[in-house]
Ligand SMILES: NC(=O)c1ccc[n+]([C@@H]2O[C@H](COP(=O)([O-])OP(=O)(O)OC[C@H]3O[C@@H](n4cnc5c(N)ncnc54)[C@H](O)[C@@H]3O)[C@@H](O)[C@H]2O)c1
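Residue numbers (my numbering): 174 to 523.
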């Protein structure tokens with residue numbers, strides 16, 4: 174196949190520090206054009222070798238692309254992805270895919286109609302140890318899930334509090350995100366949309382669960398957006414669960430994602446911080462995965478490469494498709510609605 178003609182919309186901190194170096198070095202990719210706002214766009218075009226730069230997303234979408242990568246602020250993901258899908262493009266869309274459930278399922282419908290690749294780059298869904306954990310679950314390792322714990326915490330006090338220095342150092346990046354991308358309530362800032370999106374997408378991909386209702390609360394603790402999130406979930410299969418998120422780990426500490434699944438036949442624990450996956454079955458079988466040191470650290474190198482492989486046919490494994498992303502969006506959307514209704518239990522979907 175000839176090279177994938179790729180366009181990029183959004184050229185800020187994350188696009189320039191993660192996606193663009195990967196795509197620029199990829200032998201199967203032609204960087205057709207880049208779209209963003211601001212004077213630095215020309216420099217970004219030249220640095221990564223894009224064919225042209227524009228502030229007009231429609232101009233780029235109409236430039237004869239095969240695929241587009243969307244790395245804009247959260248509230249722009251839906252309108253841009255919808256336009257891209259309606260043009261029959263393959264789409265890599267950043268998390269959170271959208272800010273509400275209706276928009277999420279709208280994209281799922283459009284993606285099905287387009288029949289193209291749609292991937293949301295959730296890095297933890299592509300780690301060898303999470304892939305191995307999913308295989309054990311798919312093989313019936315714990316039977317039917319009855320209870321699920323899903324906890325996440327991140328060293329993101331600065332990112333959600335308008336001082337992204339730690340994130341820039343961690344990703345060796347000179348480009349600071351626009352503070353509104355992460356800290357504006359109106360634009361989907363906050364820990365739930367910004368980070369719980371990762372842990373919930375990991376949970377839904379691993380288990381195939383879908384949330385039916387949630388009762389929860391979020392807390393800003395003086396910040397403009399939520400820093401702490403907590404919820405009690407009922408899943409479609411009748412299982413119960415708890416969701417927890419905290420934005421305030423100390424800078425330099427490892428991300429925590431702790432997923433504990435209790436089933437009819439046993440228990441599985443997935444702990445990315447301490448890099449442990451254990452399966453403990455009621456028949457006495459115990460399995461502990463061997464995990465390469467530091468494999469739990471967050472990085473997002475595989476998803477952009479996998480996006481291209483899915484387009485070229487080199488892979489058929491999409492661990493973070495539109496369905497997984499939509500289940501995550503609808504849960505976060507419902508959690509925030511519940512919190513605004515004083516913690517009342519709300520339906521996640523009809
Ligand atoms: N998958 C991950 O692990 C991961 C990690 C970090 C960030 N992200 C996501 O990446 C996205 C961007 O985050 P960021 O920190 O790079 O933000 P940022 O503020 O640094 O960048 C946003 C970009 O969008 C552009 N933009 C804004 N309005 C636009 C418009 N109307 N048309 C075209 N371009 C427009 C800006 O010019 C900028 O280039 C967010 O959705 C974020 O959640 C994902």
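For glycine and all other residues, C-beta sits at the position ideal for the given N, C-alpha and C.
Residue i - DSSP class collapsed to helix/strand/coil
i, result
"residue 259", "helix"
"residue 328", "strand"
"residue 445", "coil"
"residue 253", "helix"
"residue 426", "coil"
"residue 495", "helix"
"residue 315", "coil"
"residue 236", "coil"
"residue 287", "helix"
"residue 364", "helix"
"residue 433", "strand"
"residue 521", "coil"
"residue 359", "helix"
"residue 349", "coil"
"residue 300", "coil"
Inter-residue Cα distance where the pair is residue i and residue j
i, j, result
"residue 379", "residue 334", "31 Å"
"residue 194", "residue 404", "37 Å"
"residue 319", "residue 297", "23 Å"
"residue 529", "residue 264", "Any property of residue 529 remains undetermined from this structure, which presents the chain solely from 174 to 523."
"residue 200", "residue 305", "29 Å"
"residue 237", "residue 178", "8 Å"
"residue 278", "residue 464", "35 Å"
"residue 366", "residue 187", "16 Å"
"residue 387", "residue 395", "24 Å"
"residue 440", "residue 310", "10 Å"
"residue 362", "residue 457", "45 Å"
"residue 256", "residue 284", "11 Å"
"residue 527", "residue 251", "Not covered by the structure: residue 527. The range shown for the chain is 174 to 523."
"residue 511", "residue 323", "18 Å"
"residue 400", "residue 461", "33 Å"
"residue 434", "residue 253", "36 Å"
"residue 407", "residue 344", "37 Å"
"residue 398", "residue 509", "11 Å"
"residue 376", "residue 393", "24 Å"
"residue 368", "residue 498", "13 Å"
"residue 233", "residue 332", "30 Å"
"residue 299", "residue 467", "14 Å"
"residue 412", "residue 208", "44 Å"
"residue 217", "residue 425", "28 Å"
Start-to-end residues for the alpha helix (DSSP H) that takes in residue i
i, result
"residue 375", "370–380"
"residue 333", "Premise fails: residue 333 is in no alpha helix (DSSP H) and is neither H nor E."
"residue 462", "From DSSP, residue 462 is part of no alpha helix (DSSP H); its letter is neither H nor E."
"residue 271", "Per DSSP, residue 271 belongs to no alpha helix (DSSP H) and is neither H nor E."
"residue 354", "352–356"
Exposed unless 16 or more other CB atoms sit within 10 angstroms - verdict on residue i
i, result
"residue 173", "Residue 173 cannot be examined here, being either before or after the span of the chain that is shown, 174 to 523."
"residue 301", "exposed"
"residue 349", "exposed"
"residue 455", "exposed"
"residue 414", "buried"
"residue 314", "buried"
"residue 384", "buried"
"residue 210", "exposed"
"residue 523", "exposed"
"residue 496", "buried"
"residue 282", "exposed"
"residue 526", "This structure does not reach residue 526, given that the chain is present from 174 up to 523, and the question cannot be answered."
"residue 190", "buried"
"residue 359", "exposed"
"residue 294", "buried"
"residue 474", "exposed"
"residue 479", "buried"
In DSSP terms, what residue i is bridged to
i, result
"residue 195", "For residue 195, which the question treats as bridged, DSSP gives no partner whatsoever."
"residue 266", "243"
"residue 392", "401"
"residue 217", "According to DSSP, residue 217 bridges with nothing at all."
"residue 226", "207"
"residue 455", "Answer is none; residue 455 lacks a bridge partner."
"residue 407", "386, 413"
"residue 439", "454"
"residue 188", "Per DSSP, none; premise fails for residue 188."
"residue 202", "177"
"residue 322", "415, 433"
Limits of the unbroken beta strand (DSSP E) element including residue i
i, result
"residue 128", "This structure leaves residue 128 out entirely; the chain is present only between 174 and 523."
"residue 417", "413–419"
"residue 296", "Counting along the chain, residue 296 falls outside any beta strand (DSSP E), and DSSP gives it neither H nor E."
"residue 383", "Counting along the chain, residue 383 falls outside any beta strand (DSSP E), and DSSP gives it neither H nor E."
"residue 181", "177–182"
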